[in-house]
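Accompanying notes for the structure given below.
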Amino acid sequence: PILEFSLSLIVLSPSLPTVSHGPLEGVRDYEVVRPIRLHTLQKRETEVNSSPVLLSCTGAVLLELLTKDYSETYYTEDGTPVTSTPQDMDHCYYHGSIVDDSESTVSMSTCDGLSGYFRTAAQRYLIEPLSGGDDGDHAVLKYEDQSSTPMLCGVTNTTWNEDYPSITSKSRSRQKYVELVLVADNREVYKPLNTFIALVGLEVWSDSDKISVTAPAGATLDAFTTWRNNYLVKIKPNDNAHLISGIDFEGSTVGLAFIGTLCSGHSAGVVQDHNARAIAVGATLAHEMGHNLGMNHDDSSACACSGNSCIMAGALSWDIPKSFSSCSSLSYDQFLNNRNPECLLNKPDYRNVESTPVCGNGFLEKGEECDCGSLEECTNPCCNATSCTLTKGSECAAGECCEDCKCRRKQDDCDLAEYCTGNSAVCPEDVFSVNGISCDRGRGYCRNGQCPQHHDQCVKMYGPSAEKATTYCYDQNTRGLYYAYCRRPSQDQFIPCQSQDVQCGKLFCKNGNDDPNYGRMVKFSDCKATFYGDYTSDFGQVNPGTKCNDGKVCNENECVDLETAYGPKATNCSARCKGHAVCNHRMECQCEPGWSLPGCDTKDGSFTGLSRGRPLKT
-6 PILEFSLSLI VLSPSLPTVS HGPLEGVRDY EVVRPIRLHT LQKRETEVNS SPVLLSCTGA
54 VLLELLTKDY SETYYTEDGT PVTSTPQDMD HCYYHGSIVD DSESTVSMST CDGLSGYFRT
114 AAQRYLIEPL SGGDDGDHAV LKYEDQSSTP MLCGVTNTTW NEDYPSITSK SRSRQKYVEL
174 VLVADNREVY KPLNTFIALV GLEVWSDSDK ISVTAPAGAT LDAFTTWRNN YLVKIKPNDN
234 AHLISGIDFE GSTVGLAFIG TLCSGHSAGV VQDHNARAIA VGATLAHEMG HNLGMNHDDS
294 SACACSGNSC IMAGALSWDI PKSFSSCSSL SYDQFLNNRN PECLLNKPDY RNVESTPVCG
354 NGFLEKGEEC DCGSLEECTN PCCNATSCTL TKGSECAAGE CCEDCKCRRK QDDCDLAEYC
414 TGNSAVCPED VFSVNGISCD RGRGYCRNGQ CPQHHDQCVK MYGPSAEKAT TYCYDQNTRG
474 LYYAYCRRPS QDQFIPCQSQ DVQCGKLFCK NGNDDPNYGR MVKFSDCKAT FYGDYTSDFG
534 QVNPGTKCND GKVCNENECV DLETAYGPKA TNCSARCKGH AVCNHRMECQ CEPGWSLPGC
594 DTKDGSFTGL SRGRPLKT
């Protein structure tokens, strides 16, 4: 969790001229000061002739955003990896604002002197230690004094195919989590790292690089992605990994990442340590992660954000960006709705971090019923921002099963009703039926809470009047053409379907619009299909889990029986849940509302809608 802090007064006092120090490289004009930390209810004299600047700051410790299984890995001289889970972290990274200045921002490290960035309503400043640690000389400079060649991201919008279909509708209001691993190559052994993402791991290549880190950013990204898939995810599971490198990439490029690939094998990026100030490198890291989250560059004047520069600008300006633009926000919404990146719903366990709960930091912690942020930030009518308790009459405040401050009922055949436990203000997790249960009057089988069908995919592709095409159309999938096939392992390779698998290859529809929402259309007879130029973004196939025959579903473009697709545990669980018990996705027999254990066959007279029976283990 984020911890509030108070640095009561930081006095920036002009340094005595007798102290010697080296110049700040690359900077023409700056003022030398000495910070003095004044603790609460204390005073300390400054020099008689000094004109101190007083910054009363409040903010949040950033390094508490580490999961309970956070680990650090470095390598000995012989290449042996050494992994540790630090128990005592040096919590010295802060983010917040200047008291009584609502337009200010502070991002600061106190690890070894003061290092970071602060912005007032009128000006932006950097502070860096020159010598002497905490009490030594520091340089304070206006950030626009920096002049350098514009730093560019290597991604070009024309490089990427943006066509992808809507898989399911997921609101951005549901909290998402990125479990990140940072890797620093052997040029970056002790570089301070500062990020708002909760880290699950940090790996430092202290002996030698584990891949070929070269000046062409694309080659380095490809090599790092391969290393992540073959090695890193096996020892440290993660949603996303980035390499921070000391190499100078070709041209003006300082970062490169795949677009819209989070939760996939291409969820990676590379960032050059292009600036001695960590905040500039941090902005580049945020930019490249934005690409992984489906964001393109802001190439339109209509892309507005709260600052003079936005995070997804194609070039990093002197004005370090602090916010995403309206265009980035829209792209992120589209990514969530269309790609349904399931790994983002895997919440890191912040509550196991040993720290004092703080109301108002936006994270639900021990002892809190809810936490919607500060009083100014909170827009949740179910939560009291001052006390972090539920408002009167509310059963819940957040979560996908919370609707209008009440725990919602089931939505469809593949969903299970959520209702409060009676001993917690938080709704249970969103539970759904075990995979393979028949749904929609036998038209489909449940998969991960959905009931995938050809018809629904056609509606998403061509509009509400679209329908599934005839068997004749699907039989074309045996031909192995660019618009009719089962698998496409490379750009120009189209593997035909076996006759029994044609319902699991290319999606064929009829009626509806002639301009598909995604991809380009091929039409013959009464058959319509889409094709894509980029084989890695070819989403015109029938979705996994779609019913292809009685008792069978599509799995990796093959029509297989339910037990092959979902395993024997799923079918056994369903068979053992009798009467008023249903099998949920955790392979548990769960009593329906109003029925009690042990067999879910007895009415629960005490059931009020605010309690539930415990799951009955199979």
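Position 224 (the sequence shown) corresponds to 217 in our numbering; numbering is contiguous. Where is the CB? At the ideal position from N, CA and C, for every residue including glycine. Remember, it's a predicted structure, so these values are computed and weren't measured experimentally.
| Item | Value |
| --- | --- |
| Cutoff 8 Å; reference residue 72; Cβ partners in own chain excluding five residues on either side | 200 and 201 |
| Cβ contact check for the stretch 557 to 576 and the stretch 519 to 533: 3 or more pairs under 8 Å | no |
| C-alpha gap between residue 155 and residue 256, whole angstroms | Low confidence applies here, because residue 155 scores a pLDDT of 39, under 50, leaving its location unreliable; read the following figure in that light. Distance between the alpha carbons of residue 155 and residue 256 is about 17 Å. |
| Straight-line Cα distance separating residue 232 from residue 303 | 25 Å |
| At least three beta-carbon pairs within less than 8 Å, the stretch 379 to 398 to the stretch 360 to 368 | yes |
| Supposed close pair residue 451, residue 496 - CB separation, criterion 8 Å | Contact flag wrong, Cβ pair sits at about 13 Å. |
| Reduced DSSP category for residue 614 - H, G, I as helix; E, B as strand; rest coil | The requested residue 614 does not occur in the structure, where the chain is confined to residues -6 to 611. |
| At least three beta-carbon pairs within less than 8 Å, the stretch 487 to 495 to the stretch 459 to 479 | yes |
| Burial state of residue 23 (16 or more Cβ within 10 Å) | buried |
| Residues near residue 334 by beta carbon distance below 6 Å, same chain, minus five either side | 255 and 256 |
| Beta-carbon proximity list for residue 378, same chain, < 6 Å, skipping 5 on both sides | 365, 368 and 371 |
| Segment limits, alpha helix (DSSP H) that includes residue 542 | Looking at the DSSP string, residue 542 is not in any alpha helix (DSSP H); the run it does join, the beta strand (DSSP E), is 540 to 542. |
| Residue range of the unbroken alpha helix (DSSP H) whose run includes residue 322 | 319 to 332 |
| C-alpha gap between residue 353 and residue 28, whole angstroms | 29 Å |
| Among 314, 289 and 309, the one whose alpha carbon lies nearest that of residue 301 | 314 |
| Cβ pair residue 441, residue 544 closer than 9 Å | no |
| Local Cβ density within 10 Å of residue 213, reported as buried at 16 or more and exposed below that | buried |
| 3 or more residues per run - each beta strand (DSSP E) lying fully within the stretch 256 to 299 | 261 to 265 |
| Residues near residue 116 in its chain [Cβ-Cβ closer than 7 Å; skip 5 each side] | 135 |
| Terminal residues of the beta strand (DSSP E) in which residue 514 lies | 513 to 517 |
| Backbone secondary structure at residue 371 - three-state DSSP | coil |
| Terminal residues of the alpha helix (DSSP H) in which residue 565 lies | 561 to 569 |
| For residue 308, three-class secondary structure by DSSP | strand |
| Backbone CA spacing between residue 94 and residue 355 [nearest angstrom] | 22 Å |
| For residue 207, three-class secondary structure by DSSP | coil |
| Pair within 9 Å by beta-carbon distance, residue 215 and residue 238 | no |
| The stretch 498 to 512 in contact with the stretch 453 to 460 per 3-pair CB rule at 8 Å | yes |
| Residue 123 versus residue 26: straight-line alpha-carbon distance, rounded | 10 Å |
| Under the three-state DSSP convention, the category residue 220 falls into | helix |
| Range covered by the beta strand (DSSP E) that runs through residue 131 | 131 to 135 |
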